[in-house]
Amino acid sequence: MTSFASTLTSLPFTQLRRNRYFYLWYDGFYLVLCGALVALMVTTGFQGLAPTWDHRLWLVLPLACHLQILCSVFIHNATHNNFPRPINRLVGELCGMVVLTRFASWEVIHQRHHRYSDDVAKDPHPVQSSYLKFLVNTIVNVEHQLQQIYFDLYGDTPENRRYERLRAYVSYGTNLLLITTWYLFLGKVGFFFLFIPASIVGFFHLVHFNWSTHNAFSPSSDFKPVNLDHGYYKVGNRLWFGIYMHANHHKRAGMFNPAKLQPSLPVTPPPG
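Residue numbers (the working numbering): -3 to 268.
Given below as structure tokens:
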């Protein structure tokens, strides 16, 4: 029972260190879960929450975008065990389904980011001056770093490279099934008018958050975690629990709202 409880509450990276095949078990769970949900919705003829157009959905769209960003904030906090232990993993998994990465990949990658922050070779998303180049590099580099994490733990061997290719295909396939599950659950209109736009907004916001809070505007390329609290960032700190006070977060990751750190690290002034 203790082992079962540990599985439900311990973080994915902890389990990956204990079990080299963790990801196959993890993806297998989601394959079964999503497959069962898809089968249930298809066999019962479920039409989805919003199968047809309703002009009131225009009012729901901003809320959907806000909730998508909020799920990124919550999964980030779950990564640092900032929710009560009995529900921390559950919050992370639920938010991971909304942001589509699922919790394990987010948590494993983010732990590496904290360990090798702004290391060009080892940080999954090292900052560079160009936002567009940073965005592309983030998309390309995250999968590479997931594989490198496995090689660091279990060795870079031909066998492990074959395993990681298999793991990547299984993960991609699982994500496609998760997307299908959302499509059936929300209905055509709910999926294409709410979920897809909110996911796009959430993704670009997340990338911009990672970029801006590592001093991307520095003329000397002095990339490091910084606190931002002016203009848009001030509004974002109030909406999303101080997420732009990122230097504070890197100093004390165990705070749900890093804006409340006392004494706070200095706030970086606006460019120019």
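Heads up, the beta-carbon is just placed ideally off N, CA and C, and yes, glycines get one too.
Just so you know, the alpha carbons of N253 and I239 end up roughly 7 Å apart. By the Cβ-count criterion, L235 is exposed, with fewer than 16 other Cβ atoms from all chains shown falling within 10 Å of its own Cβ. The beta carbon of N206 is closer than 6 Å to those of H121 in its chain, skipping five residues each way along the sequence. Counting only residues of its own chain and dropping the five nearest sequence neighbours on each side, F219 has a CB closer than 6 Å to the CB of D114, V123, H210 and N211. Straight-line spacing of the CA atoms in M241 and L224 works out to 6 Å. Assignment of V263 by DSSP, reduced to helix, strand and coil, places it in the strand class.
Considering only T97, Q107 and G44, the residue with the shortest C-alpha distance to I135 is T97. Ranking Y168, P221 and K230 by CA distance to the CA of L261 puts P221 first. Within the DSSP secondary-structure output, M251 pairs in no beta bridge. I196 counts as exposed, since fewer than 16 other C-beta atoms from the protein chains shown sit within 10 angstroms of its C-beta. Between V94 and C67, the C-beta gap is smaller than 8 Å, which places the two residues in contact. Checking the DSSP bridge columns, you'll see M241 partnered with N223. Distance from the CA of A243 to the CA of S216, rounded to the nearest whole angstrom, comes to 18 Å.
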